[in-house]
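J.: Numbering (this note's numbering), first residue to last: 572 to 704.
(1) When you compare each of 625, 663, 624, 653 to residue 643 by their alpha carbons, which one comes out closest?
(2) Using 8 Å as the threshold, is the C-beta distance between residue 629 and residue 618 below it?
(3) Tell me residue 628's beta-bridge partners as DSSP assigns them.
(4) Below 8 Å, can you find three or more Cβ-Cβ pairs linking the stretch 652 to 670 to the stretch 693 to 702?
(5) Distance check for residue 673 and residue 679, CA to CA, integer angstroms please.
(6) In the structure shown, what three-state DSSP assignment does residue 581 receive?
(7) Leaving out five residues before and five after residue 637 in sequence, what residues of the same chain have Cβ atoms less than 6 Å from its Cβ?
Structure (structure tokens):
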């Protein structure tokens, strides 16, 4: 019979994507139109899915503090218990650093850098690689 991962086996046991719904219905999502919704502030918005189920979205309130980790966790649990999905800015770590500072990137766009700065040569690359040995 050969390997089940071989090209020949795959060709002999080929199934169209539409058949996948009958083979593994939990793993297959049929193509469908996009679902969009405008969720206003401080309210709950019910959105009907293609299968008829409804998801309840709630925009975070105006006095919501996204920097208090414990309060955010409590809020998420409350919304989950109410059967809602919170939307908006959920958490910001006040101690986090800017990604440009973390990565040490330059202040200019890369397209604006001269070739010599973008490609400093093999000696600079060798020196950089020494840090990883």
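Using N, Cα and C, we set each Cβ at its ideal position, and we do this for glycine too.
The structure presented is a predicted model; accordingly, all values stated were derived computationally and were not measured.
T.: According to the data block:
(1) Of 625, 663, 624, 653, the residue nearest in Cα terms is 663.
(2) In this structure, residue 618 does not lie closer than 8 Å to residue 629 by Cβ.
(3) Answer is 616, 656, bridged to residue 628.
(4) In short, these stretches do not touch, since the Cβ pair count stays below three.
(5) Cα-Cα distance, rounded: 16 Å.
(6) Residue 581: helix per DSSP, three-state reduction.
(7) Answer for residue 637: 660, 662, 663, listed in chain order.
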